[in-house]
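Protein chains in written order, with this note's numbering: chain G, 1 to 304; chain X, 1 to 304; chain Y, 1 to 263; chain D, 1 to 263. Glycine included, every Cβ here is placed at the ideal spot set by N, Cα and C. Only one structure is covered here, and it is reproduced in the block below.
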Ligand SMILES: Cc1cc2nc3c(=O)[nH]c(=O)nc-3n(C[C@H](O)[C@H](O)[C@H](O)COP(=O)(O)OP(=O)(O)OC[C@H]3O[C@@H](n4cnc5c(N)ncnc54)[C@H](O)[C@@H]3O)c2cc1C
Ligand SMILES: Cc1cc2nc3c(=O)[nH]c(=O)nc-3n(C[C@H](O)[C@H](O)[C@H](O)COP(=O)(O)OP(=O)(O)OC[C@H]3O[C@@H](n4cnc5c(N)ncnc54)[C@H](O)[C@@H]3O)c2cc1C
Ligand SMILES: Cc1cc2nc3c(=O)[nH]c(=O)nc-3n(C[C@H](O)[C@H](O)[C@H](O)COP(=O)(O)O)c2cc1C
Ligand SMILES: Cc1cc2nc3c(=O)[nH]c(=O)nc-3n(C[C@H](O)[C@H](O)[C@H](O)COP(=O)(O)O)c2cc1C
Ligand code: FES
Ligand code: FES
């Protein structure tokens, strides 16, 4: 049976709904030994500030039950080096490339967008307004609807490419934030970023992360991510990209069923570096078994 | 070495810092075959509404990686039956008894408190303003500081016993809610209740819980619970009782180190029904190994 | 109820997806009654988190047997345990199959797939109590009937059925039951298997006015009445409120069950 | 770098907490260099979630050996794997121990506890390259020196030390090193062990102006450069920025390491 896994986000057509999540896939090329780029939907590259950035001091990682807390703090090479050294190589890959945009201020987000706008080979921008481990108390724009709306609006005005707003789960009302992003002009929404978390070493009584707080990802958070994806997908009219703890095609399909048009796979890449490709493959097997001809037949079909 | 595990919450002295969490310990007596009640700090009995309550239709449980989603919906016998049939038996146990108070309206919380105020054998009330699986969309009073403050104030005025406000993690700013509870007159704060969550059966495309949403508990949520406990403990002046995913003494001690004066053990009781007693025992071993004479020496000693 | 955290696996047997363990656990064995179950910890890591409910398949002196089919990760992990390893089990839990009757007469035991598990213990006990026991054992195909010889060896009458006709009666075990009811008049039925099968069997029982005991399954958080997670709506009992399958069941009278809500 | 999801354990040996596995993995073996490591999946469930980094202890034709000490749940699960089972491993990863020198001369290898792991492969390769190899192997007590005979059998000079004097030199392995430096002049040191030991050894190296290669540990998310989780501040390289231990290390020159930040 020929199965059509392609999805159309409106602003971007994907070969299949499986993207690699930002920060868990390096700049993409790190995974060349493990996957065929033409077998996945696309990659979201690591968060980029305008300049190079040191990130947080180590330790930056703690493993928890079913989860990983990270406080990388968005270490990265900056747009310039990225555009010169990485982007040309990414352009040669037959896969969608989305760049995750960071900023320490509204202006910096815009600067990054303006710089990248002059480069070829980027399909969309994912506005990372939701990283919990940059500011000490976990603050980020996506905690507030007004800040979110205003920033999305500026970003949209600044650049020529589609804007995906990446939301934070650390909020009381995710729908309110999603609507603010939509009203601000976002072309799509991706969620969730990591949950603000902490771990303590009982021997030394020190936080296990130098940054004290970090962001929790991995299968532990999947039930929360799925709930939020469902809430948002039923509330907005722009496409939603779901993520959080996806390890298998069944996990990914749960997100599609609650209304996500595509998914991102994050932490799983560390354990099984071929996760994205494997999940896309398993998705096809699932469709075959269930007699589903087009993956889009699954999207938003939850039976309540 | 004689080790003093006792803690003083101000309004209540506990033999040791380990309490059984509400809803995971039945009405207490279910655990008689497994533990000695005089070896734990106390029990928080299952949430009580004024009248008996049916709870949600099944399925009510889903297991996830490192977690459990429940949508029991606070099935229970009501205060009258509880006071007549359960409380007399609890009075015979040599352990602190805290009752978890529920209400579908402000009035109902007050009714429950007024009724229980006329009974003997209750040491404190834990105001359950944070159950995510009663209302369909997960709404509960603890999502809003004003609602929280007002309800705590009314509850405090209505009864003669100490009030512990149990907070929800499903909020942007847990400190704001904790302060509202403190300002409302709460004698203590306990946190966290479960995280609003969801799971989908990919074969049937139905939510795995009849209630659609449920509350996530277990080791998966520990890093989030610990972070919030730390944030709240450093922000309020009333004692904080921490919980969320505690399975071992090391887990419990993490909560003490970040500032909790006591802990509650929930989901662990289902897997190892002697968890509360075991954890108290392991806590003692830990103190012995580290040369700690009083458990209170650990509280709030995190080295930042 | 007892808790044995060091119950030793003293014997293991398997047929594809089906596994039988004999577990040394004197304290639990002495209390065990047919229809009751154990809560088994399948791993000593936090994955999977919860214990799994498994029926008591047989009592052999100070040991108990369990018979299970791999259904997911938990039972898969359980199946990999080796002889000599220990299991952490709580039991016996729940209500037993056998009603408190003076005289049991002709008893039919109807088991489908892994649902045969509790019926072996039940059959042996019924026989001891003087009942005339006949077991109907159904499966999709011959490979789903791995323990059939065992029943015969224990002197229990048995007829098998397979959906594909690869062994015994060609058809559903409920068709077999229907045939049997034409021939003899059972005084009581004991039923355990997939819901669809149990429902059909319960209808037959109702049509022929034969009392029937049915063992229900449910997702269980604790297994001993503490979590309120396993409830189903049960007629009659307590005015149709949700009842705990772990404590008030797993065995109920067929007419108590509301099938629309038994899923 | 290769990924072998079905690397077979063909031999296993253990001494209390210490374990040695020989693993058949031709593609990884052929690329392996001393100082490099593997990312090992210790469980096929989501617990623990991440792979664990383990050094390459030896290459034996198309197999690799690992030597590890149980440090927590992950290594405990690994230790329970049986001969004949397969492991999912990625490797070889990271930079190798041996610098690109014409002539190596007298090389001292200093290993503490589980830190001995990479030094066996290293010693054998150095010997092949014509170096004169002497290994200093330290532990708390005799039981911490399980693989000492192996080095002698491979024709590598070895002196042992124990903190409690139960075997060999009574004292720290760094004291032993200090003594040795008085006697001979090593041209290069290779050091692997607890941070405190490595720091002391690095100080000795600096004091005596002996170049020293040090293998650092770090919490690793991926092991292949994708997560930025394993960084430490390394002097000289890239103006003192955080460097990835998995990719730029784990082996560095001693003078590059900022010990205050190496924890
Ligand atoms: C009282 C009782 C007695 C049982 N006795 C036996 C027995 O003797 N032999 C046997 O093979 N099985 C028995 N079962 C079923 C067994 O408990 C489940 O197959 C097992 O829990 C599935 O766990 P898993 O991790 O392998 O599968 P999972 O991956 O957890 O789930 C696989 C499938 O099994 C279903 N399932 C999960 N938990 C349960 C549960 N508690 N009850 C029913 N279905 C469930 C899931 O919905 C899913 O469809 C019994 C169940 C109950 C309630
Ligand atoms: C490049 C490299 C090579 C290594 N080679 C070997 C080897 O050959 N033999 C050997 O026995 N050990 C080796 N280790 C250490 C080994 O990786 C850890 O002992 C192991 O990851 C601990 O996992 P666990 O689940 O057993 O313990 P956990 O329960 O995860 O932790 C137990 C203790 O180990 C520490 N730890 C956890 N992960 C790491 C890590 N990645 N690196 C260092 N410490 C860690 C924790 O902070 C904690 O103190 C190496 C580490 C690295 C980075
Ligand atoms: C090590 C690490 C680094 C991350 N870096 C970024 C980042 O740069 N930008 C971003 O938007 N999200 C980042 N994330 C969040 C992920 O993209 C994703 O939202 C989150 O991990 C949840 O998905 P998962 O559970 O599949 O990992 C990072 C996550 C991890 C684990
Ligand atoms: C099955 C179940 C029922 C619960 N019922 C209640 C309740 O009645 N009242 C309440 O305040 N919390 C209830 N909770 C929440 C727990 O008390 C606790 O806050 C939460 O489970 C986190 O702790 P844990 O991870 O140790 O389980 C319940 C939790 C579970 C799993
Ligand atoms: S399984 Fe917990 S009450 Fe029945
Ligand atoms: S461990 Fe991931 S970059 Fe080094």
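Ligand 3 heavy atom lying under 8 angstroms from the CB of residue i
{"i": "residue 101 of chain Y", "result": "no"}
{"i": "residue 265 of chain G", "result": "yes"}
Secondary structure of residue i, DSSP reduced to three states
{"i": "residue 271 of chain D", "result": "As displayed, chain D neither begins before 1 nor continues past 263, which places residue 271 of chain D out of reach and without an answer."}
{"i": "residue 179 of chain X", "result": "helix"}
{"i": "residue 122 of chain G", "result": "coil"}
{"i": "residue 174 of chain G", "result": "helix"}
{"i": "residue 264 of chain G", "result": "strand"}
{"i": "residue 243 of chain G", "result": "strand"}
{"i": "residue 77 of chain G", "result": "coil"}
{"i": "residue 7 of chain G", "result": "strand"}
{"i": "residue 105 of chain D", "result": "coil"}
Heavy atom of ligand 5 within 8 angstroms of residue i beta-carbon
{"i": "residue 39 of chain D", "result": "no"}
Residue i at chain X interface by Cβ criterion, 9 angstroms
{"i": "residue 95 of chain G", "result": "no"}
{"i": "residue 192 of chain Y", "result": "no"}
{"i": "residue 269 of chain G", "result": "no"}
{"i": "residue 292 of chain G", "result": "no"}
Cβ-heavy atom distance, residue i to ligand 8, below 8 angstroms
{"i": "residue 192 of chain Y", "result": "Because ligand 8 does not appear in the structure shown, any question about it cannot be addressed here, the ligands present being ligand 1, ligand 2, ligand 3, ligand 4, ligand 5 and ligand 6."}
Residues near residue i by beta carbon distance below 7 angstroms, same chain, minus five either side
{"i": "residue 113 of chain Y", "result": "69, 139, 144, 193 and 194"}
{"i": "residue 174 of chain D", "result": "197, 200, 201 and 204"}
{"i": "residue 75 of chain X", "result": "53, 54 and 55"}
{"i": "residue 43 of chain D", "result": "77"}
Contact with chain G by residue i, beta-carbon distance below 9 angstroms
{"i": "residue 250 of chain D", "result": "no"}
{"i": "residue 221 of chain X", "result": "yes"}
Ligand 2 heavy atom lying under 8 angstroms from the CB of residue i
{"i": "residue 72 of chain D", "result": "yes"}
Cβ-heavy atom distance, residue i to ligand 6, below 8 angstroms
{"i": "residue 86 of chain X", "result": "no"}
{"i": "residue 220 of chain Y", "result": "no"}
9 angstroms Cβ cutoff, residue i in contact with chain Y
{"i": "residue 207 of chain X", "result": "no"}
Residue-level contact to chain D via CB, residue i, 9 angstroms cutoff
{"i": "residue 47 of chain Y", "result": "yes"}
{"i": "residue 72 of chain G", "result": "yes"}
{"i": "residue 216 of chain G", "result": "no"}
Nonlocal neighbours in the same chain, by C-beta distance under 8 angstroms from residue i, ignoring five residues either side
{"i": "residue 342 of chain G", "result": "Residue 342 of chain G lies beyond the range of chain G shown here (1 to 304); nothing can be said about it."}
{"i": "residue 231 of chain D", "result": "218, 242, 243, 244 and 245"}
{"i": "residue 159 of chain D", "result": "134, 135, 136, 137, 168, 169, 176 and 180"}
Any non-hydrogen atom of ligand 1 closer than 8 angstroms to residue i Cβ
{"i": "residue 57 of chain Y", "result": "yes"}
{"i": "residue 151 of chain D", "result": "no"}
{"i": "residue 13 of chain Y", "result": "no"}
Close beta carbons around residue i, own chain, < 6 angstroms, minus the five adjacent residues each side
{"i": "residue 12 of chain D", "result": "21 and 83"}
{"i": "residue 6 of chain Y", "result": "86"}
{"i": "residue 41 of chain D", "result": "51 and 88"}
{"i": "residue 181 of chain Y", "result": "208"}
{"i": "residue 88 of chain X", "result": "none"}
Three or more C-beta pairs below 8 angstroms linking the region 86-105 of chain X and the region 118-129 of chain X: Contact holds between the region 86-105 of chain X and the region 118-129 of chain X, because three or more Cβ pairs, one in each stretch, are under 8 angstroms apart.
contact_flag[the region 61-69 of chain X, the region 215-224 of chain G] where n(CB pairs < 8 angstroms) is 3 or more: Enough Cβ pairs lie closer than 8 angstroms, so yes.
Sufficient close CB pairs (3 or more, under 8 angstroms) joining the region 230-249 of chain G to the region 223-242 of chain X: Per the Cβ contact rule, the region 230-249 of chain G is not in contact with the region 223-242 of chain X (fewer than 3 Cβ pairs under 8 angstroms).
Three or more C-beta pairs below 8 angstroms linking the region 181-191 of chain Y and the region 22-39 of chain X: Using a Cβ-Cβ distance cut-off of 8 angstroms, the region 181-191 of chain Y and the region 22-39 of chain X are not in contact, since fewer than three pairs of beta carbons, one from each stretch, lie closer than that value.
contact_flag[the region 189-197 of chain G, the region 172-190 of chain X] where n(CB pairs < 8 angstroms) is 3 or more: At 8 angstroms Cβ cutoff, the stretches do not touch.
Cβ contact check for the region 44-62 of chain Y and the region 268-284 of chain X: 3 or more pairs under 8 angstroms: Output reads yes: the region 268-284 of chain X touches the region 44-62 of chain Y.
The region 283-299 of chain X in contact with the region 29-36 of chain Y per 3-pair CB rule at 8 angstroms: Pairwise C-beta distances place the region 283-299 of chain X out of contact with the region 29-36 of chain Y, as fewer than three of them are shorter than 8 angstroms.
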